[in-house]
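J.:
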Amino acid sequence: MLISLILAWIAVILTIMTVLRYIARISRNKKLNTFFHKIHIPFGTLLIIVGGIHGILAGNPASATLANFEPASVLFTFNWGTVCYVLTLILALTYLLRKKMKRKWMIAHRIATVAMIVLLVLHIYDVGIRLPKRLFGNSQHAPAVTESSRVSSNSEQTNEQTSEQAKTTSSDTSANIVTFSGAQLKDGVYQGTADGYKGTITVAVTVKNGQVTAIDVISKSDTDRYFDEAKSLLDKIIGQQSLQVDAVTGATFSSAGLINAVYSALQNAVVSGTLQVNNIKLSEIH
0 MLISLILAWI AVILTIMTVL RYIARISRNK KLNTFFHKIH IPFGTLLIIV
50 GGIHGILAGN PASATLANFE PASVLFTFNW GTVCYVLTLI LALTYLLRKK
100 MKRKWMIAHR IATVAMIVLL VLHIYDVGIR LPKRLFGNSQ HAPAVTESSR
150 VSSNSEQTNE QTSEQAKTTS SDTSANIVTF SGAQLKDGVY QGTADGYKGT
200 ITVAVTVKNG QVTAIDVISK SDTDRYFDEA KSLLDKIIGQ QSLQVDAVTG
250 ATFSSAGLIN AVYSALQNAV VSGTLQVNNI KLSEIH
């Protein structure tokens with residue numbers, strides 16, 4: 000993820016440097032015009048290479064480190080960045096065909112340049128601003144009873160928690176307060192929805208005796224391979240009876256989506272207290 004992020008900003012810098020060629024030309028500054036004329040083509044070539052690698056790593060989070068890179072699992076994520084990359088290829092193509100296109104090539108080249116700049120701004124806003132806000136801010140929840148791929152708690156962990164609670168339980172059972180992640184919950188099955196990497200994730204959370212006993216994944220849009228890695232979080236949430244768990248490396252978006260979906264589901268179950276949840280740093284997001 001870090002490599003993908005670094006390459007993304009390198010691509011932005013390369014784009015700016017290539018666009019400055021036109022600004023230098025308009026300014027009629029000979030030194031600037033000569034300088035940017037020399038670097039225009041090399042930087043444009045680098046932009047194609049860097050942008051392509053960034054697209055591969057962004058669509059394949061687990062391959063975001065050289066040690067885990069798997070060419071067979073390459074996947075491009077379709078977004079504004081994809082369109083920007085296509086326009087970059089069109090820019091290269093118009094330059095290569097400039098002799099056949101004659102004067103028309105420069106017109107097409109400039110139109111593609113303007114379009115790429117506009118879409119690049121949209122891409123930066125979409126991925127760098129809007130998507131993180133969706134991940135950490137907007138979630139929907141409503142009570143429901145649904146069955147799906149059940150994730151059960153480890154029996155040994157449950158037994159240990161039960162024995163610990165038994166030691167602290169008073170003779171008056173009504174005074175026994177069991178909490179989950181800092182909040183007291185009422186029994187029931189609750190549904191929550193949040194945004195993952197490629198779409199929404201919906202879960203059903205079962206609360207029994209004030210504890211989360213099962214989490215069912217109702218629907219998801221994320222890639223199976225990486226989503227399955229993120230699902231290990233559900234065992235941790237149940238085992239630790241807490242939402243304060245670390246995201247799975249290589250599946251941060253899916254991890255955040257699952258945590259937020261469980262959080263949104265349990266909002267309807269809170270009797271007292273406030274659910275505590277970790278904030279995933281933006282630097283961890285690809």
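Heads up: the sequence shown runs through residues 0 to 285, numbered per numbering that gives the first Met the number 0.
Idealized CB from N, CA, C, for every residue including glycine.
Along the alpha helix (DSSP H) that carries residue 183, what are the first and last residues, could you check?
T.: Along the sequence shown, read from residue 1 onward, the residue named residue 183 stands at position 184. Per DSSP, residue 183 belongs to no alpha helix (DSSP H); it is in the beta strand (DSSP E), 182-184.
J.: State buried or exposed for residue 262, treating a residue as buried only when at least 16 other CB atoms are found within 10 Å of its CB.
T.: As a first step, residue 262 must be located in the sequence shown, where it is residue number 263. Classification of residue 262: buried, given that the 10 Å Cβ count is 16 or more.
J.: If the criterion is Cβ atoms closer than 8 Å, does the pair residue 17 and residue 39 meet it?
T.: For the purposes of this step, residue 17 is taken as the residue at position 18 of the sequence shown. For the purposes of this step, residue 39 is taken as the residue at position 40 of the sequence shown. The answer is yes: Cβ separation under 8 Å.
J.: Note down, in chain order, each residue of its chain lying with its Cβ closer than 7 Å to the Cβ of residue 268, except the 5 sequence neighbours on either side.
T.: Position 269 of the sequence shown holds residue 268. Answer for residue 268: 184, 185, 187, 189 and 206, listed in chain order.
J.: For residue 94, which of 110, 180 and 258 has the nearest alpha-carbon?
T.: Here residue 94 corresponds to residue number 95 of the sequence shown, with the count starting at 1. Answer by Cα proximity: 110.
J.: Per DSSP, residue 201 is paired with what?
T.: Here residue 201 refers to the residue found at position 202 of the sequence shown. Note: residue 201 sits in a beta bridge opposite 192 and 218.
J.: Taking the beta carbon of residue 88 as the centre, do at least 16 other beta carbons fall within 10 Å, making it buried, or is it exposed?
T.: By 1-based counting over the sequence shown, the position of residue 88 is 89. Burial call: exposed.
J.: Work out the CA separation of residue 246 and residue 233 for me, nearest whole Å.
T.: Within the sequence shown, numbered from 1, the residue matching residue 233 stands at position 234. Within the sequence shown, numbered from 1, the residue matching residue 246 stands at position 247. About 11 Å.
J.: Label residue 202 either buried or exposed according to how many other C-beta atoms from any shown protein chain fall within 10 Å of its C-beta, with 16 as the threshold for buried.
T.: The residue you call residue 202 lines up with position 203 of the sequence shown. It counts as buried.
J.: Quick one: Cα of residue 210 to Cα of residue 5, how far?
T.: For this step, residue 210 is matched to residue 211 along the sequence shown. For this step, residue 5 is matched to residue 6 along the sequence shown. The alpha-carbon atoms of residue 210 and residue 5 are separated by roughly 42 Å.
J.: Relative to the alpha-carbon of residue 115, which residue among 101, 208 and 79 has its alpha-carbon at the smallest distance?
T.: In the sequence shown, counting from the first residue as 1, residue 115 sits at position 116. Here the closest residue by C-alpha is 79.
J.: What's the call for residue 27, buried or exposed, on a 16-neighbour Cβ count within 10 Å?
T.: Residue mapping note: residue 27 aligns to position 28 of the sequence shown, counting from 1. Its Cβ having fewer than 16 others within 10 Å, residue 27 is exposed.
J.: Which residues does DSSP pair with residue 206 in a beta bridge?
T.: The count along the sequence shown starts at 1 and reaches residue 206 at position 207. In DSSP, residue 206 forms a bridge with 187 and 211.
J.: Determine whether the beta carbon atoms of residue 51 and residue 84 lie at a separation below 8 Å.
T.: Residue mapping note: residue 51 aligns to position 52 of the sequence shown, counting from 1. Residue mapping note: residue 84 aligns to position 85 of the sequence shown, counting from 1. Cβ distance < 8 Å, so residue 51 and residue 84 count as in contact.
J.: Taking buried to mean at least 16 other C-beta atoms within 10 Å of its own C-beta, is residue 148 buried or exposed?
T.: The sequence position of residue 148 within the sequence shown is 149, counting from 1. Since pLDDT at residue 148 reaches only 39, below the 50 mark, its modelled position is unreliable, and no value is offered.
J.: With H, G and I counted as helix, E and B as strand and the rest as coil, what does DSSP make of residue 178?
T.: Counted from its first residue, the sequence shown places residue 178 at position 179. Strand.
J.: Taking the alpha-carbon of residue 270 as reference, which of 181, 218 and 24 has the nearest alpha-carbon?
T.: As a working mapping, residue 270 is identified with position 271 in the sequence shown. Checking every option, the nearest Cα to that of residue 270 belongs to 181.
J.: So which of 254, 208 and 179 has the shortest CA-CA distance to residue 273?
T.: The count along the sequence shown starts at 1 and reaches residue 273 at position 274. Considering only alpha carbons, the answer is 179.
J.: With a CB to CB cut of under 6 Å and the five nearest residues on each side skipped, what residues in its chain are close to residue 35?
T.: The residue labelled residue 35 in the question sits at position 36 within the sequence shown. These residues qualify, in order along the chain: 19, 20 and 23.
J.: Residue 275 and residue 243: beta carbons closer than 8 Å?
T.: Walking along the sequence shown from the start, residue 275 turns up at place 276. Walking along the sequence shown from the start, residue 243 turns up at place 244. Yes, they are a contact pair.
J.: Is the beta carbon of residue 260 less than 8 Å from the beta carbon of residue 193?
T.: Residue 260 sits at position 261 when you count from the first residue of the sequence shown. Residue 193 sits at position 194 when you count from the first residue of the sequence shown. Their beta carbons are under 8 Å apart, which means residue 260 touches residue 193 by this criterion.
J.: Return the CA-CA distance between residue 217 and residue 200, expressed in angstroms with no decimal places.
T.: Indexing the sequence shown from 1 puts residue 217 at position 218. Indexing the sequence shown from 1 puts residue 200 at position 201. About 8 Å.
J.: Report all residues from its chain with a CB closer than 7 Å to the CB of residue 235; omit the five preceding and five following residues, and keep chain order.
T.: Position 236 of the sequence shown holds residue 235. 244.
J.: What do you get for residue 56, buried or exposed, if any count of 16 or more other CB atoms within 10 angstroms of its CB means buried?
T.: For the purposes of this step, residue 56 is taken as the residue at position 57 of the sequence shown. Buried is the call here.
J.: For a test of the three-state rule: what should DSSP assign to residue 271, helix, strand or coil?
T.: The residue given as residue 271 occupies position 272 in the sequence shown. DSSP places residue 271 in strand when its eight states are reduced to three.
J.: Using 8 Å as the threshold, is the C-beta distance between residue 191 and residue 221 below it?
T.: Along the sequence shown, one-based indexing puts residue 191 at 192. Along the sequence shown, one-based indexing puts residue 221 at 222. No, the Cβ-Cβ distance between residue 191 and residue 221 is not below 8 Å.
J.: Just verifying my parser: in three-state terms, what is the DSSP assignment at residue 56?
T.: For the purposes of this step, residue 56 is taken as residue 57 along the sequence shown, with counting starting at 1. Here residue 56 sits in helix by DSSP.
J.: DSSP three-state label for residue 242, please.
T.: As a first step, residue 242 is located in the sequence shown; it is residue number 243 there, counting from the start. Strand at residue 242.
J.: Measure from the alpha carbon of residue 237 to the alpha carbon of each residue in 248, 90, 213 and 81, then state which is nearest.
T.: The residue you call residue 237 lines up with position 238 of the sequence shown. Considering only alpha carbons, the answer is 213.
J.: Thinking C-beta only, is residue 10 closer than 8 Å to residue 53?
T.: Locating residue 53 in the sequence shown gives position 54, counting from the first residue. Locating residue 10 in the sequence shown gives position 11, counting from the first residue. Contact: yes.
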